[in-house]
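Q: Residue numbers (mature numbering (1 follows the signal peptide of the UniProt record, and there is no 0)): -17 to -1, 1 to 426. Heads up, the beta-carbon is just placed ideally off N, CA and C, and yes, glycines get one too. Please see the structure below; I have some questions.
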């Protein structure tokens, strides 16, 4: 039934305006300064459980900014965003990766089939008699195809939303430098797994503890803010956006802005925005790994999402680099919430500078996450060093409550919380961090 309802909604939206992808048909496009930016209004609409909802002015403006960036030439983009890969290249990279999900998974499945051929006949006969082991290969292949169907729906929605043609995606993939589909395999797979973490009931085991800490710590701080203006809350590194949405739900009077760099993640987020109805989609997130499963059905489990009816217009997603995407918003935010984020920085000091710049005097920085630095960070500070540097930047650390764990140090207010990060609650393994929580106020 939900397919029929969504189809009717999409048909109504499509009837309202022409195809927005005409600018991406391979013909030469004038320089952006010489053409007006026209964005199909229907594609900015949000589908909600109550019907189509027109976008706010801020959502419309943000989408126009994004389309403008996509249309910049290489030289224009390099001048405006030095040292950044063109956003259109990053988008095409993600779209191409999603179109090749099934194909990228096939070599590993074929390898496992061939390895099974090495099993002695007597052993194989026992395996087939008792557990029908070889049937797993065909079942996994079917579920990979099912995931490819989801990937195609993500891509189709993204083509419309961003005004990109499929021909552009295919042309991108034909370039020798981009043709290795294995380059995208992990990013696509991780994006699908993040659906569980953010938008499925199965992810509640990871969300409940950490989200409760943040939400219960955030609410009392609101009473200290100027009540004559709408409080603004920024969530950088927001992933698929569930924390930002839950903040907006818990604090309906606030304006909540999320930010995410990864286009692999953003195109999934945009697709989820188009699905307001609970459990209207599904993913098989664990079919690409054969380890740590209690049963075959656990590996093959179908996980529906989103786990709630939601109104995506409550949150504004700003795509791009956190350190540059908000360059014109000096002292604009009352709160910044960083969740599993600060250790993703190439230059941690720039993250700190950006947080300090964007917060209003007296504004709050709430952090919860590990210090798992990436492969090539310029700076890798210990927790103790972070505290010293942040205080020197003009922050003071506030008292916190034990809902966020035990004190990390007896004489400081930072707290340590075990934060699970494993996606599959049924697995025979668990990844968890001693995540660090703090509230710091800008002086």
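Going by the CB atoms, is the gap between residue 397 and residue 378 shorter than 8 Å?
A: What you label residue 378 is simply residue 395 of the chain shown in a count that begins at 1. What you label residue 397 is simply residue 414 of the chain shown in a count that begins at 1. In this structure, residue 378 keeps its C-beta atom at 8 Å or more from the C-beta atom of residue 397.
Q: Fully enclosed by the region 367 to 401, which beta strand (DSSP E) runs are 3 residues long or longer?
A: 378 to 380
Q: Under 8 Å, do residue 267 and residue 129 count as touching if we go by C-beta distance?
A: Numbered from its first residue, the chain shown carries residue 267 at position 284. Numbered from its first residue, the chain shown carries residue 129 at position 146. Taking a C-beta distance under 8 Å as the contact criterion, residue 267 and residue 129 qualify as a contact pair.
Q: Using C-beta distances below 8 Å, list every residue in its chain close to residue 352, excluding the 5 sequence neighbours before and after it, in chain order.
A: Along the chain shown, one-based indexing puts residue 352 at 369. These residues qualify, in order along the chain: 321, 322, 323, 324, 325, 326, 402, 416, 418, 419.
Q: Beta-carbon separation of residue 200 and residue 387 under 8 Å?
A: Here residue 200 refers to the residue found at position 217 of the chain shown. Here residue 387 refers to the residue found at position 404 of the chain shown. With respect to residue 387, residue 200 sits close: the two C-beta atoms are nearer than 8 Å.
Q: Using DSSP bridges, identify the partner residues of residue 425.
A: Mapped onto the chain shown, residue 425 falls at position 442. Bridge partners of residue 425: 378.
Q: To the nearest whole angstrom, what separates the beta carbons of residue 265 and residue 164, a pair I think is in contact under 8 Å?
A: By 1-based counting over the chain shown, the position of residue 265 is 282. By 1-based counting over the chain shown, the position of residue 164 is 181. The Cβ separation is near 24 Å, so there is no contact.
Q: Quick check: residue 331 and residue 287, are their CB atoms within less than 8 Å of each other?
A: Taking the first residue of the chain shown as 1, we reach residue 331 at position 348. Taking the first residue of the chain shown as 1, we reach residue 287 at position 304. Remark: C-beta atoms of residue 331 and residue 287 do not approach each other more closely than 8 Å.
Q: May I ask you to report which of helix, strand or coil DSSP gives residue 418?
A: Within the chain shown, numbered from 1, the residue matching residue 418 stands at position 435. Reduced to three states, the DSSP call for residue 418 is strand.
Q: Alpha carbon to alpha carbon, how far is residue 410 from residue 281?
A: The sequence position of residue 410 within the chain shown is 427, counting from 1. The sequence position of residue 281 within the chain shown is 298, counting from 1. Their backbone Cα atoms lie some 8 Å apart in a straight line.
Q: Who pairs with residue 318 in a beta bridge, going by DSSP?
A: Along the chain shown, one-based indexing puts residue 318 at 335. Beta-bridge pairing links residue 318 to 216, 347.
Q: Going straight from the alpha carbon of residue 451 to that of residue 221, what length do you get?
A: Lying outside -17 to 426, the shown extent of the chain, residue 451 is not represented and no answer is given.
Q: Answer yes if the region 148 to 164 comes into contact with the region 187 to 199, meaning at least three C-beta pairs across the two stretches below 8 Å, and no otherwise.
A: No: the two stretches stay apart, fewer than three of their Cβ pairs being nearer than 8 Å.
Q: Count the other CB atoms, across all protein chains shown, that sit within 10 Å of the CB of residue 277; report buried if there are 16 or more and exposed otherwise.
A: To locate residue 277, count along the chain shown from 1; it is residue 294. The residue in question, residue 277, is exposed, as its Cβ has fewer than 16 Cβ neighbours within 10 Å.
Q: Could you pull out every residue in the same chain whose Cβ sits closer than 8 Å to the Cβ of residue 248, ignoring the five residues on either side in sequence?
A: Locating residue 248 in the chain shown gives position 265, counting from the first residue. Cβ-Cβ distances below 8 Å link residue 248 to 174, 177, 222, 223 in the same chain, with the five nearest sequence neighbours on each side left out; the list follows chain order.
Q: Check whether the Cβ atoms of residue 342 and residue 425 lie closer than 8 Å to each other.
A: Your numbering for residue 342 matches position 359 in the chain shown. Your numbering for residue 425 matches position 442 in the chain shown. Yes, the Cβ-Cβ distance between residue 342 and residue 425 is below 8 Å.
Q: With a threshold of 7 Å (Cβ to nearest heavy atom), would residue 409 be considered close to the ligand NAP?
A: The ligand NAP is not part of this structure, which contains no ligands at all.
Q: With DSSP as the reference, please indicate the residues paired to residue 432 in a beta bridge.
A: Because residue 432 is not part of the residues shown, which for the chain are -17 to 426, the question remains open.
Q: Along the beta strand (DSSP E) that carries residue 242, what are the first and last residues, could you check?
A: The residue labelled residue 242 in the question sits at position 259 within the chain shown. 238 to 243 is the extent of the beta strand (DSSP E) around residue 242.
Q: Between residue 243 and residue 252, how many whole angstroms is the CB-CB distance? I'm expecting something under 8 Å.
A: As a position in the chain shown, residue 243 is number 260, starting the count at 1. As a position in the chain shown, residue 252 is number 269, starting the count at 1. Going by Cβ atoms, the distance from residue 243 to residue 252 rounds to 7 Å, so yes, they are a contact pair.
Q: Alpha carbon to alpha carbon, how far is residue 319 from residue 116?
A: Taking the chain shown and counting its residues from 1, the one referred to as residue 319 is at position 336. Taking the chain shown and counting its residues from 1, the one referred to as residue 116 is at position 133. Cα to Cα, the separation comes out at about 50 Å.
Q: Let me make sure I understand the geometry here. Which of 98, 274, 198, 258 has the alpha-carbon closest to that of residue 413?
A: Counting from 1 along the chain shown, the entry for residue 413 is found at position 430. Considering only alpha carbons, the answer is 274.
Q: Output needed for residue 182: all residues of its chain with C-beta closer than 7 Å, excluding positions within five of it in sequence on either side, in chain order.
A: Numbered from 1 along the chain shown, position 199 holds the residue referred to as residue 182. Here the set comprises 223, 225, 255, 288, 289, 290.
Q: Can you tell me which of 84, 203, 309, 261 puts its alpha carbon nearest to the alpha carbon of residue 234?
A: The count along the chain shown starts at 1 and reaches residue 234 at position 251. It is 203.
Q: Tell me the DSSP bridge mates of residue 55?
A: As a first step, residue 55 is located in the chain shown; it is residue number 72 there, counting from the start. Residue 55 has no beta-bridge partner at all, per DSSP.
Q: Between residue 92 and residue 301, what straight-line distance do the alpha-carbon atoms span, to the nearest angstrom?
A: In the chain shown, the residue the question calls residue 92 occupies position 109. In the chain shown, the residue the question calls residue 301 occupies position 318. Near 38 Å, if we compare the C-alpha coordinates of residue 301 and residue 92.
Q: If you measure from the beta carbon of residue 371 to each beta carbon in chain D, is any gap under 8 Å?
A: Looking at the structure shown, chain D is missing, and only one protein chain is on hand.
Q: Out of 162, 392, 263, 38, point me to the one whose CA is closest to residue 83's CA.
A: Working through the chain shown from its first residue, we reach residue 83 at position 100. When only C-alpha atoms are compared, the closest one is 162.
Q: Would residue 422 and residue 347 be called neighbours here (beta carbons separated by less than 8 Å)?
A: Walking along the chain shown from the start, residue 422 turns up at place 439. Walking along the chain shown from the start, residue 347 turns up at place 364. Residue 347 sits close to residue 422, with the two beta carbons spaced by under 8 Å.
Q: With burial defined as no fewer than 16 other Cβ atoms inside 10 Å of the residue's Cβ, what is the status of residue 38: buried or exposed?
A: Residue 38 sits at position 55 when you count from the first residue of the chain shown. With 16 or more Cβ atoms within 10 Å of its Cβ, residue 38 is classed as buried.
Q: Between the C-alpha atoms of residue 295 and residue 257, what's the straight-line distance to the nearest angstrom?
A: If you number the chain shown from 1, residue 295 lands on position 312. If you number the chain shown from 1, residue 257 lands on position 274. Going by the C-alpha atoms only, they are around 8 Å apart.
Q: Taking the beta carbon of residue 94 as the centre, do at least 16 other beta carbons fall within 10 Å, making it buried, or is it exposed?
A: As a working mapping, residue 94 is identified with position 111 in the chain shown. Counting Cβ neighbours within 10 Å, residue 94 comes out exposed, since fewer than 16 surround it.
Q: Does residue 49 come out as helix, strand or coil in the three-state DSSP assignment?
A: On the chain shown, position 66 is the one that residue 49 refers to. Here residue 49 sits in helix by DSSP.
Q: Below 8 Å CB to CB, which residues in the same chain sit around residue 315 once its five sequence neighbours on both sides are set aside?
A: Start at 1 with the first residue of the chain shown, and residue 315 comes out as number 332. The beta carbon of residue 315 is closer than 8 Å to those of 215, 309, 341, 343 in its chain, skipping five residues each way along the sequence.
Q: Using the DSSP secondary-structure output, state which residues sit across from residue 311 in a beta bridge.
A: Locating residue 311 in the chain shown gives position 328, where the first residue counts as 1. Beta-bridge pairing links residue 311 to no other residue.
Q: So, with DSSP's three-state summary, where would you put residue 204?
A: Within the chain shown, numbered from 1, the residue matching residue 204 stands at position 221. In the structure shown, residue 204 sits in a helix (DSSP, three-state: H, G or I).
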